[in-house]
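Okay, so here's the structure we're looking at.
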Amino acid sequence: MNLFRGKSLFAIYIYMKFLWLAFYMLFKNKLEELRELREQPTDPQAQQEIINSIEEIYFSNDSFDIVKYELEKLPAVLSLQELEEYRDKLKQQQAAVSKKVADLILEKQTAYVKELERVTSLQTSLQLAAVICTNGRRHLNTAKEGFTQASLGLLANQRKRQLLAGLLKSLRTIKTLQQTDVRLSEMLEEEDYPGAIQLCLECQKAASTFKHYSCISELNSKLQDTLEQIEEQLDVALSKICKNFDINHYTKVQQAYRLLGKTQTAMDQLHMHFTQAIHNTVFQVVLGYVELCAGNTDTKFQKLQYKDLCTHITSDSYIPCLADLCKALWEVMLSYYRTMDWHEKYDHGESPSSDGNNILDTEETNFDRSYVKKKLEHGLSRIWQDVQLKVKTYLLGTDMSNFKYDDFIFVLDIISRLVQVGEEFCGSKSEVLQDSIRKQSVNYFKNYHRTRLEELRMFLENETWELCPVKSSFSILQLHEFKFMAQSRSPTVSPSKQPALETEGDLTLFEQYCNGGNPFEIQANNKDDETEDVLASNGYESDEQEKSAYQEYDSDSDVPEELKRDYVDEQTGDAPVKSVSRETLRSRKRSDYCLKVNAPILTNTTLNVIRLVGKYMQMMNILKPIAFDVIHFMSQLFDYYMYAIYTFFGRNNTFESTGLGLSSSRLRTTLNRIQESLIDLDVSSDVTGTLTAVEERKEKVPMPHLSHLVVLTSSNSLYGLAERVVATESLVFLAEQFEFLQSHLDTVMPPAKKPFLQQFYSQTVSTASELRKPIYWIVAAKAIDYEQMLLLMANMKWDVKEIMSQHNIYVDSLLKEFEQFNKRMNEVSKRVRIPLPVSNILWEHCIRLANRTIVEGYANVKKCSNEGRALMQLDFQQFLMKLEKLTDIRPIPDKEFVETYIKAYYLTENDMERWIKEHREYSTKQLTNLVNVCLGSHINKKAKQKLLAAIDDLDRPKR
């Protein structure tokens with residue numbers, strides 16, 4: 001620095017600039033040389049070995065004289081070759097050292113460039129300093145020549161004035177700071193949290209500026225306490241949005257947390273508040289109902305745990321409490337949904353308010369939106385899990401097995417809606433909720449189903465098997481219990497309203513109710529206000545054809561007088577009772593109406609079973625996880641009804657002895673299965689044994705008994721044919737309804753359980769119509785006197801010598817029986833419409849029995865000639881000719897059975913043996929008689945013995 005002492009700043013600048021240029025040019029030239037040297041190809045390892053061979057003395061200090069050292073090393077006698085070799089060695093060492101130095105210098109080039117930039121910057125600063133110094137010297141020179149003492153006094157006063165003005169400003173600022181707490185309190189009352197925080201932070205910043213004043217230190221501490229108080233109130237304000245989200249309120253809270261730099265902390269606090277809100281909400285709702293039911297506000301309930309509190313809910317208040325519970329939880333979830341929606345829409349610098357003010361501090365760079373988004377997404381499943389657990393605890397806290405059906409369906413409807421909310425809320429399948437309601441549903445449904453089976457048994461045992469007068473257009477979709485299917489299949493929506501509904505259907509529940517309302521504000525269906533247009537007595541005016549048909553039976557003019565008068569019971573001799581009511585007569589006429597309009601054949605019990613099926617399907621439709629249990633119980637309804645029909649009208653131990661194959665193996669298997677799995681045959685015994693045995697007994701129902709009012713032994717009523725038709729065809733009608741519902745049941749049945757459903761339809765429902773054969777066979781077996789015909793045939797002579805032209809009288813007697821049967825069946829058809837399949841089965845049974853009786857009569861003949869066989873053919877042909885006029889059945893059943901037997905008389909010995917082996921449908925007696933009758937005509941005794949032996953050897957399965 002002594003070099004520049006006494007020199008002007010400009011001279012220093014000129015000297016530094018010259019020195020820098022010289023240094024730059026020198027370094028630039030040297031740098032180019034170093035680069036050329038560095039670019040020379042060398043072996044790094046060899047270069048390092050050369051450097052290592054340099055003597056240590058060369059690196060000792062800067063004062064070392066290299067030349068003197070080398071000269072002193074020279075020998076006394078010099079050798080040119082040795083000197084040249086030593087010189088080359090020194091050159092190599094010098095080159096290696098230069099190369100190493102060049103590498104080191106180039107490695108520091110970056111640092112050199114930076115230093116060069118610093119020197120350039122220093123040069124610019126020196127230029128500016130030179131200008132300032134020049135101007136300052138000029139101004140000082142002017143002041144020295146022009147200023148007086150008075151002027152300097154004015155400058156001093158101006159300086160004092162400026163200092164005083166600054167002091168006054170500071171005092172005013174301090175006064176404002178002292179009054180800030182009043183404004184902060186007002187802003188907090190107005191819930192202007194961002195403004196309060198902003199003011200508090202500004203005051204803290206100002207206080208730090210004036211911290212040299214002693215009064216400010218106390219104010220600074222007070223502002224810090226105020227800021228902590230604001231944070232506490234802000235946390236309370238944050239908790240309010242958990243139940244009633246307000247977008248403006250939440251905007252202020254978020255802006256306030258942004259100003260504090262605690263946005264992430266706010267998210268953590270928010271989730272904690274939502275969890276606490278769920279707990280407090282459900283506890284307060286349940287507590288309110290418990291105290292209301294108890295009639296007091298005893299503090300003992302407030303001390304109970306939520307789980308224990310749920311057990312004090314009564315059955316009367318269970319549904320209202322559940323509805324309010326779901327409403328309250330919906331408000332919490334809706335607030336969370338709207339919170340997420342706020343962050344989705346307005347967390348990018350947009351403003352939801354109309355004034356256009358930004359709600360986000362765009363200068364905040366540390367705000368982690370990714371953290372907030374992930375936190376909110378993870379909170380969805382957590383909040384829904386809390387909701388599920390609270391509702392599950394409530395559901396399992398009460399035994400609902402004795403609830404009314406409509407009440408339980410209402411509970412299922414609420415839970416189904418809640419499950420839908422959970423799926424839209426976070427995509428959850430609500431396993432916890434589904435499992436809890438499934439437990440309650442299975443428990444309730446078992447008890448409900450058991451009661452319904454007992455009621456069904458009562459209905460069946462009191463059923464008189466009269467027609468239920470329904471319209472010809474009757475459909476199960478018209479019943480209240482199947483309204484949910486009718487609406488889904490054919491919604492009655494006008495075309496103009498359809499697009500609006502479709503648009504609304506695309507919205508989620510949260511979008512539909514975002515601006516108000518509650519999806520759980522639903523009421524149970526008031527079925528009293530609904531009407532069913534199914535009975536013939538209701539709504540027939542809508543169909544002119546049915547109206548005219550019904551009006552024929554809607555007057556009292558055709559009612560016999562004896563039905564209108566009081567009467568005396570002829571059996572008991574009791575006093576006259578009230579005359580037959582007008583409603584009773586109208587009911588009878590409605591039955592006539594059903595005949596005329598070809599209405600479905602069903603009974604009140606059938607209609608009751610169909611209604612039960614509809615109720616079961618309602619429950620299954622609302623809660624699909626119990627679909628298998630519901631369908632299993634539905635199948636038991638059908639099984640029990642089918643078994644009752646079989647027990648009442650079709651049970652007969654002589655079925656198989658007829659050889660008619662009345663019941664298939666599939667039908668027998670089905671009836672045996674129902675009896676083993678569902679029918680309690682030993683109802684008088686005590687329910688004892690293992691727990692498994694007791695449970696099995698509970699699943700079974702006692703065998704039903706036919707009402708004593710139903711008479712099946714009277715020939716006048718054709719052995720209860722009307723009741724049999726109503727019972728059997730009502731079962732067929734019920735099977736048809738199950739077939740109609742199969743596709744719907746298949747869609748809700750779990751895939752693993754679908755084989756059960758397929759087996760039920762293939763082995764049970766499809767066999768319902770097969771009960772017609774055994775049931776109507778009993779009528780056919782008794783309606784015609786087959787024994788009388790055998791007696792008449794026994795009195796006939798068949799060993800005549802000439803061919804007769806007139807048939808025997810047993811044929812006329814048999815035909816007369818058929819005519820009488822046809823007449824009585826027509827009389828029955830006036831009471832109950834006999835469907836064509838039923839009529840065909842009855843005729844088929846009668847004809848089949850008649851033909852087999854004819855063969856049996858022919859098998860009783862002791863002697864028969866060829867002319868007698870011709871007479872048999874004549875009789876049978878006459879029977880067929882007259883029979884074809886009475887029935888439309890073609891071909892005549894078992895016609896070949898009779899003709900083949902008659903023709904077998906003419907077979908030779910060998911042909912007859914083969915014929916006996918092929919025709920096992922005939923009994924041993926019939927075959928034996930055939931052989932005996934043929935003896936003497938064209939078969940000898942030896943052939944007879946052979947044929948009889950063949951008959952004995954045959955193992956004839958009965959057909």
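For the sequence shown, full-length UniProt numbering begins at 1 and goes up steadily by one. For every residue, glycine included, the Cβ atom is placed at its ideal position computed from N, Cα and C. Since the structure is predicted, the reported quantities are computational estimates derived from the model, not experimental observations.
- Contact annotation: residue 861 and residue 933 have beta-carbon atoms nearer than 8 angstroms.
- If you ignore the 5 residues before and after residue 438, its C-beta comes within less than 6 angstroms of the C-beta of 625 and 626, all in its own chain and listed in chain order.
- The beta carbon of residue 733 lies closer than 7 angstroms to those of 600, 601, 602 and 606 in the same chain, with the five residues before and after it left out.
- For the pair of segments examined, the segment 892-905 was found to touch the segment 917-926: the number of CB pairs separated by less than 8 angstroms reaches three.
- Sorting 516, 484, 520 and 420 by C-alpha distance to the C-alpha of residue 508 places 420 at the top.
- Residue pairing of residue 319 in beta bridges, as defined by DSSP: absent, with no partner found.
- For the set 823, 402, 884 and 889, the Cα lying nearest the Cα of residue 841 is the one of 889.
- Classified as buried, residue 729 has 16 or more neighbouring CB atoms from the shown chains inside 10 Å of its CB.
- The beta carbon of residue 329 sits closer than 6 angstroms to those of 387, all from its chain and outside the five residues before and after it, given in chain order.
- Taking C-alpha positions only, residue 313 is separated from residue 286 by approximately 8 angstroms.
- Counting only residues of its own chain and dropping the five nearest sequence neighbours on each side, residue 442 has a CB closer than 8 angstroms to the CB of 626 and 629.
- The beta carbon of residue 781 lies closer than 7 angstroms to those of 849 in the same chain, with the five residues before and after it left out.
- The alpha-carbon separation between residue 434 and residue 307 amounts to approximately 19 angstroms.
- Within a 10 Å sphere around the beta-carbon of residue 612 sit 16 or more other beta-carbons, which makes this residue buried.
- Counting C-beta pairs with one atom in each stretch, the segment 643-653 and the segment 745-754 have fewer than three that are closer than 8 angstroms, which means they do not touch.
- Judged by DSSP secondary structure, residue 50 falls within the alpha helix (DSSP H) whose first and last residues are 44-52.
- Annotation: residue 742 to residue 676 spans about 25 angstroms, alpha carbon to alpha carbon.
- Closest in C-alpha terms to residue 400, from the list 446, 823, 248 and 77, comes 446.
- The segment 697-717 and the segment 805-819 do not touch, with fewer than three beta-carbon pairs separated by less than 8 angstroms.
- Taking a cut-off of 8 angstroms on C-beta distances, the segment 785-795 does not touch the segment 664-671, as fewer than three cross pairs fall below it.
- Of the residues assessed, residue 468 falls on the buried side of the cut-off, its CB having 16 or more other CB atoms within 10 angstroms.
- If you draw a straight line from the Cα of residue 66 to the Cα of residue 87, it is about 14 angstroms long.
- For residue 681, the secondary structure class from DSSP, reduced to helix, strand or coil, is coil.
- In the structure shown, residue 841 falls within a helical segment according to DSSP collapsed to helix, strand and coil.
- Of the candidates 244, 822, 513 and 44, 513 places its Cα closest to the Cα of residue 424.
- Pairing residue 193 with residue 237 gives a Cβ-Cβ distance under 8 angstroms.
- Beta-bridge pairing by DSSP links residue 535 to 470.
- A direct Cα-to-Cα measurement between residue 796 and residue 764 gives close to 48 angstroms.
- As the crow flies, the alpha-carbon of residue 801 is around 22 angstroms from that of residue 854.
- In the displayed model, residue 748 falls within a helix according to three-state DSSP.
- Put simply, the segment 84-102 does not touch the segment 132-152. Fewer than three CB pairs are less than 8 angstroms apart.
- Taking the Cα positions, residue 168 is about 15 angstroms away from residue 158.
- Counting of Cβ neighbours within 10 angstroms places residue 908 among the exposed residues, the total staying below 16.
- When beta bridges are read from the DSSP output, residue 701 appears opposite 679.
- DSSP places residue 131 in the uninterrupted alpha helix (DSSP H) bounded by 109-146.
- In the three-state DSSP reduction, residue 651 falls in the coil class, being neither helix nor strand.
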